[in-house]
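Under numbering that gives the first Met the number 0, the first residue of the sequence shown is numbered 0, with each subsequent residue one higher.
Structure first, commentary second.
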Amino acid sequence: MSELMPSEQVARYLVDEAVWAPSVHNTQPWRFVSSGQQVSLYADAGRGLPIADPDGREMMISCGAALFNARLALRVLGYAPETWVLPDPGDPALVARVGWRQRVPVSDFEQRLASQVHRRRTHRGAFDPEPLPHGTLAALRDGAMSEGAALRIAADDGRRAVLAAAVQTAEQELRLDGVRVRELAEWTPAPGSARSDGVPATSYPARAERTDPYFPGRDFARGHGWGLPPLSSAGSYRAAGVAGVLTTAADRPADWVKAGQALQRILLTASACGAAVAIHSQPVELPRLRELVRNQLTDGAYPQLLLRIGMVIQVAASVRRDTDDVLFRADGDRG
Ligand SMILES: Cc1cc2nc3c(=O)[nH]c(=O)nc-3n(C[C@H](O)[C@H](O)[C@H](O)COP(=O)(O)O)c2cc1C
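Laid out in structure tokens, this is it:
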């Protein structure tokens, strides 16, 4: 497909795909610099969340997800990506460098994942009662492992209840903390906003959908009544989905980048199987609750995100900044 594609065009395609990664509050905390047959991915601290994410853990997870898309984009073009994560100890904002030289044909599975990059949306709320297609959970677990992380499913009711309680407690605390609410408000524009970042009102339900157990979503609307009207199926039984925790063995920036790549592999794999995923980071933003989840549910591995996976007809929309706003050339020009 790309035998003669110039490096600049490859870099642009890679970034076009990378920016459709998920990011905490859709902050899109990244910047890309192209130089020959290489793109450097930087974390953009100006788009960080000093209150919710003081260590930049969720920022690095978000950048890790973008890195996965960048690697996948190169595979679609028939390149074997070379990846260096956190290559410069003197520059912790340099999340990764990705290069392309060697050619290896793309696989059908990689094509299937890539076809979901623009289609996938974060789900918020309940799921339809249908079970996941056979083999989905195994594929998600294997995918997490191949990126150096783990997806631990809360298989029994007791574990599901603990996870739900952690989300409920966290969400309650976050809603009562004025400083945190103000920070969230900066990333939740009003309906009709022309902003190309933040969580748009077209991406979350206006009314919480109760499930048993209950995993409350973030309060993006903050009492304004914003959000999508209920789905037509809202009257029937709605399910919480399969709940699990994405974990890493250690908890350093390199582990956060692994968690982000694993997250995006999970999201795209689920989407390719016809399933959707809800992301809950409320409990892992509060150290006491994160520790509780670690002690009770993950055998000491570090919880990075809580996920719910299920079947649903997706109606959510999202927004992104233009590639031109985030891609620069090493000589300083925009890419
Ligand atoms: C580290 C991280 C944490 C997130 N936490 C939440 C969360 O707590 N609640 C939620 O609804 N979405 C969460 N998200 C999803 C983002 O809000 C979502 O990716 C972003 O708004 C872009 O929308 P999209 O994924 O539909 O493209 C999180 C995403 C990441 C990467």
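From the three backbone atoms N, C-alpha and C, an ideal C-beta is built for every residue, glycine too.
Predicted model, so just to flag it, every value in this text is computed and none were measured.
Note down the Cα distance separating residue i from residue j, rounded to an integer number of angstroms.
i      : j      : result
Met144 : Gly299 : 17 Å
Glu172 : Arg158 : 21 Å
Thr322 : Asp156 : 44 Å
Pro104 : Leu40  : 24 Å
Pro86  : Pro252 : 12 Å
Thr187 : Arg320 : 15 Å
Asp141 : Asp324 : 35 Å
Ser1   : Ala69  : In this prediction, Ser1 has a pLDDT of 47, which is less than 50 and means its spatial position is unreliable; nothing more can be read from the coordinates.
Gln295 : Val244 : 12 Å
Arg56  : Phe327 : 24 Å
Phe219 : Arg102 : 44 Å
Ser195 : Gly134 : 36 Å
Arg333 : Asp15  : 14 Å
Gly240 : Gly273 : 14 Å
Cys62  : Pro228 : 32 Å
Val97  : Phe108 : 21 Å
Pro88  : Pro128 : 48 Å
Leu73  : Ala44  : 26 Å
Ala329 : Gln8   : 15 Å
Val23  : Ser106 : 30 Å
Please name the residue in the options whose C-alpha comes closest to that of residue i.
i      : options                        : result
Leu183 : Ala169, Gly191, Val198, Val318 : Val198
Ile312 : Gln303, Arg320, Ser270, Val318 : Ser270
Val161 : Leu93, Pro128, Leu305          : Leu305
Leu66  : Pro286, Ala261, Val180         : Ala261
Gln27  : Val318, Pro190, Tyr236         : Val318
Pro80  : Tyr236, Gly309, Ala10          : Ala10
Val94  : Asp141, Leu71, Met58           : Met58
Ala138 : Leu326, Thr268, Glu129, Thr297 : Thr268
Ala17  : Glu7, Arg30, Ser6, Glu284      : Arg30
Ala238 : Gly259, Asp211, Trp255, Leu230 : Asp211
Ile152 : Thr297, Ala72, Leu326          : Thr297
Arg35  : Pro53, Pro5, Gly47             : Correcting the residue type first, residue 35 is Gly in the shown sequence and not Arg. Considering only alpha carbons, the answer is Pro5.
Ala154 : Ala242, Ala42, Phe327          : Ala242
Leu131 : Arg328, Val314, Arg333, Ile308 : Ile308
Leu266 : Gly98, Arg74, Val75, Leu136    : Leu136
Leu150 : Arg333, Gln263, Val97, Val314  : Gln263
Arg206 : Gln8, Leu230, Glu146, Leu175   : Leu230
Met310 : Val276, Arg289, Leu288         : Val276
Glu185 : Trp83, Thr121, Gly47           : Gly47
Arg379 : Arg100, Gly77, Arg174          : No answer is possible for residue 379: the residues shown for the chain start at 0 and end at 334.
Trp83  : Asn25, Gly191, Trp99, Val75    : Trp99
Quick check: is any heavy atom of ligand 1 less than 6 Å from the C-beta of residue i?
i      : result
Glu170 : no
Asn68  : no
Arg120 : yes
Arg217 : yes
Glu57  : yes
Pro21  : yes
Val198 : yes
Ser61  : yes
Arg123 : yes
His117 : no
His279 : yes
Ser317 : yes
Please work out which residues of its chain come closer than 7 Å, Cβ to Cβ, to residue i, disregarding the five sequence neighbours upstream and downstream, and give them in chain order.
i      : result
Gly124 : Pro204, Glu208, Gly216
Thr247 : Ala148, Asp254, Lys257, Ala258, Ala300, Tyr301, Gln303
Leu291 : Ala165
Looking only at its chain, what residues have a beta carbon closer than 6 Å to the beta carbon of residue i, apart from the 5 residues adjacent to it on each side?
i      : result
Gly331 : none
Arg293 : Pro302
Ile50  : Val178, Arg179, Glu182
Asp250 : Tyr301
Glu284 : Ala51
Do residue i and residue j have their CB atoms nearer than 7 Å?
i      : j      : result
Pro91  : Ala169 : no
Trp225 : Ala200 : yes
Leu13  : Val32  : no
His279 : Val116 : no
Gly113 : Leu71  : Before going further, note that residue 113 is Ala rather than Gly in the sequence given. Taking 7 Å as the Cβ cut-off, Ala113 and Leu71 qualify as a contacting pair.
Ser202 : Ala315 : yes
Ala163 : Phe214 : yes
Any beta carbon from chain C within less than 7 Å of residue i's own beta carbon?
i      : result
Leu326 : Here chain C cannot be found, since the structure has a single protein chain.
So, at 8 Å on beta carbons, what are the nonlocal neighbours of residue i in its own chain, with the 5 sequence-adjacent residues on each side left out?
i      : result
Arg111 : Ala271
Ala189 : Ala200, His223, Trp225
Do residue i and ligand 3 come close, with the Cβ less than 6 Å from some heavy atom?
i     : result
Asn25 : For ligand 3, the structure offers nothing, since it holds only ligand 1.
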